[in-house]
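J.: Numbering (my numbering), first residue to last: 68 to 604. Even glycine gets a Cβ: it sits at the ideal position worked out from N, Cα and C. Below is the structure I would like to discuss, written out as structure tokens.
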């Protein structure tokens with residue numbers, strides 16, 4: 068994020084929930100100015116991208132089902148898109164903020180964005196509805212963390228465009244700061260708490276490459292929310308958090324008033340980075356102890372097994388009174404027949420001497436005309452070919468570079484298998500949907516593996532990690548019409564082709580299923596001078 072991200076995806080985690088605005092619910096209005104600024108996450112001054120002069124970005128305080136209107140002003144000297152990732156955007160892929168669905172905001176221009184809050188994330192703090200059974204918290208703290216490159220976004224983009232890898236990051240930050248034992252106290256304070264009170268920490272990994280583990284010295288953490296879903300409230304000493312993932316924990320200030328370290332360290336990487344912040348008790352005294360809480364096992368095999376077991380401990384809270392994420396009630400997902408299985412295999416290869424990444428042998432490339440616009444105007448055949456990616460992968464290591472869109476049947480119940488045959492960990496994200504993360508296991512997937520699925524209380528979420536030489540299975544109902552992006556949440560990989568779009572068209576082309584193109588939608592590419600298609604009714 069910030070200086071380490073491409074302009075088009077730079078602020079993907081500053082998210083609210085996109086969907087149609089509904090007049091009966093309250094409206095909140097925001098103005099976001101996107102500018103350059105100087106950032107110092109690792110102590111090295113670098114130009115970065117700011118919202119309203121802030122990094123991390125501004126917080127939206129709202130309640131579930133509020134309508135949010137954000138006017139985004141681009142003061143950069145390049146086109147910009149704000150990707151509202153990690154949210155379930157109902158019937159409105161028009162404002163998904165990806166190059167496959169929208170024209171970028173040109174320098175000096177603005178794009179109004181309508182949002183409807185139905186979930187929670189770090190940079191957009193959304194309060195639970197009044198009937199929620201979430202435990203109360205005295206105060207909330209937003210924690211944006213992740214890896215960081217001392218090269219700025221222009222340099223990183225240039226490296227990728229030249230066909231090379233951006234390599235390993237230079238460190239890890241917590242809310243834009245990187246600290247170590249002995250660094251100045253003013254750089255270290257993350258939160259100030261009062262003894263005996265409980266606090267909520269919304270934590271998000273906004274990095275480019277590294278999974279991380281976080282923990283708080285002498286304190287435990289109660290997991291209460293994972294990517295918008297209430298969880299069974301298990302208690303943890305430390306938690307793994309993979310690229311693009313967010314969660315909420317409750318922490319009770321139950322120790323003697325003093326200072327305690329909030330520790331973040333990298334996972335599954337040869338070089339281990341560690342950074343610190345301080346949980347400071349009001350009226351406390353003394354320095355934090357220099358002995359840090361222990362990280363998970365460092366041996367690769369034990370480390371992966373440890374992390375997999377933690378994933379399996381995450382369970383959906385079926386007794387929570389808050390609304391389910393799927394209005395059709397398909398949270399009884401274990402009783403629905405699978406109508407389609409899509410196996411997604413990631414790979415990397417050299418194409419014309421340049422590094423590319425792909426899905427099932429296809430490396431996606433963006434077109435001048437957003438794919439959604441081409442489809443809406445009836446000229447998709449001039450921009451892309453459907454279904455280059457097949458449900459059953461074959462020669463995955465020989466990549467075809469082309470815009471990648473698959474057709475999907477509205478309301479089908481699909482199973483997606485993410486199969487990672489590489490030695491590095493992967494994280495995947497699907498726009499527009501929450502899915503049920505039913506299994507992660509080592510090795511290759513076969514139909515017999517379904518007997519190991521959690522078909523009762525798998526967490527409904529929108530990202531899934533896949534460990535080296537392992538697979539992950541998710542299930543979802545394709546009830547959200549639109550064109551939605553399925554991508555690696557690791558920028559290097561998605562930028563160089565490890566993504567595709569899923570076109571879910573309602574047969575009736577009805578407003579009941581999908582909104583019309585907004586009147587404020589920018590038009591670009593080959594559709595600029597074409598007559599406007601007839602609206603849905």
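Nearest-angstrom Cα distance between residue 568 and residue 326?
T.: Put simply, the backbone Cα of residue 568 is about 47 Å away from that of residue 326.
J.: Counting only runs that start and end within the stretch 406–484, where is the beta strand (DSSP E) found for 3 or more residues in a row?
T.: Runs found: 407–418, 421–426 and 471–476.
J.: Give every residue of the same chain whose Cβ lies closer than 7 Å to the Cβ of residue 508, excluding the five residues on either side of it in the sequence, and list them in chain order.
T.: 516, 519, 537 and 538
J.: Ends of the beta strand (DSSP E) at residue 531?
T.: 530–533
J.: Assuming residue 308 and residue 272 are in contact, meaning their beta carbons sit under 8 Å apart, how far apart are those beta carbons, in whole angstroms?
T.: About 4 Å separates the two Cβ atoms, so the contact holds.
J.: How should residue 597 be labelled, buried or exposed, when 16 other C-beta atoms within 10 angstroms of its C-beta is the threshold for buried?
T.: exposed
J.: Do you know whose CA, among 128, 178, 137 and 132, lies nearest residue 146's CA?
T.: Comparing Cα positions, the closest option is 178.
J.: Can you tell me whether residue 450 is buried or exposed, with buried defined as 16 or more other CB within 10 angstroms of its CB?
T.: buried
J.: Give the secondary structure of residue 104 by DSSP, where H, G and I count as helix, E and B as strand, and everything else as coil.
T.: In this structure, residue 104 counts as strand in the three-state DSSP scheme.
J.: Please return the same chain residues whose Cβ sits closer than 7 Å to the Cβ of residue 259, not counting the five positions on each side in sequence.
T.: 347 and 349
J.: Kindly indicate which residue of 428, 491, 293 and 574 has the alpha-carbon position closest to the one of residue 503.
T.: 293
J.: Taking the alpha helix (DSSP H) that residue 379 belongs to, which residues open and close that run?
T.: 367–380
J.: Would you check if the stretch 360–376 and the stretch 402–420 touch, i.e. whether three or more CB-CB distances between them fall below 8 Å?
T.: Contact check between the stretch 402–420 and the stretch 360–376: fewer than three CB pairs, one atom from each, fall below 8 Å, which does not count as touching.
J.: Locate the beta strand (DSSP E) running through residue 327, then write down its first and last residues.
T.: 326–334
J.: Per DSSP, what are the beta-bridge partners of residue 344 in this structure?
T.: 329
J.: Give the DSSP-derived three-state secondary structure of residue 559 in the structure shown.
T.: helix
J.: Can you tell me whether residue 94 is helix, strand or coil according to DSSP?
T.: Strand at residue 94.
J.: Residue 295 to residue 262, Cα distance in whole Å?
T.: 28 Å
J.: Could you tell me which residues DSSP pairs with residue 527 in its beta bridges?
T.: 503
J.: Please work out which residues of its chain come closer than 7 Å, Cβ to Cβ, to residue 552, disregarding the five sequence neighbours upstream and downstream, and give them in chain order.
T.: 163, 165, 167, 498, 566 and 568.
J.: Taking only three categories from DSSP, how would you classify residue 222?
T.: Helix at residue 222.
J.: Please go through the same chain and pick out, in chain order, the residues whose beta-carbon is closer than 8 Å to the beta-carbon of residue 95, but skip the five residues on each side of it.
T.: 127, 129, 133, 134, 135 and 136
J.: List the DSSP bridge partners of residue 267.
T.: 207 and 317
J.: What residues in its chain sit with their C-beta under 7 Å from that of residue 332, if we drop five residues either side in the sequence?
T.: 279, 280, 339, 340, 341 and 362
J.: Measure the alpha-carbon distance for residue 385 versus residue 554 and round it to whole angstroms.
T.: When rounded, the distance between both Cα atoms is 29 Å.
J.: Between residue 493 and residue 142, what straight-line distance do the alpha-carbon atoms span, to the nearest angstrom?
T.: 33 Å
J.: Leaving out five residues on either side along the sequence, give the residues of the same chain with a beta carbon under 7 Å from the beta carbon of residue 378.
T.: Correct list, in chain order: 507.
J.: Would the beta-carbon of residue 505 fall within 8 Å of that of residue 540?
T.: yes
J.: Would residue 423 and residue 564 qualify as a contact pair, given that the criterion is a beta-carbon distance under 8 Å?
T.: Their beta carbons are under 8 Å apart, which means residue 423 touches residue 564 by this criterion.
J.: Output yes or no for whether 8 Å exceeds the beta carbon distance between residue 158 and residue 475.
T.: Their beta carbons are not under 8 Å apart, which means residue 158 does not touch residue 475 by this criterion.
J.: DSSP has residue 286 in a bridge; who is on the other side?
T.: 283
J.: Give a yes or no on contact between the stretch 524–536 and the stretch 461–481, applying the rule of three or more CB pairs nearer than 8 Å.
T.: no
J.: For residue 442, is the classification buried or exposed, using 16 other Cβ atoms within 10 angstroms of its Cβ as the cut-off for buried?
T.: Residue environment for residue 442: buried (at least 16 other C-beta atoms within 10 angstroms of its C-beta).
J.: Can you name, in chain order, every residue of its own chain whose Cβ lies under 8 Å from the Cβ of residue 526, other than the five neighbours on each side?
T.: 293, 294, 296, 298, 381, 382, 383, 503 and 504
J.: Helix, strand or coil for residue 217, going by three-state DSSP, please let me know.
T.: coil
J.: Excluding the five sequence neighbours on either side, which residues of its own chain have a C-beta within less than 6 Å of the C-beta of residue 173, listed in chain order?
T.: Hits under 6 Å: 146.
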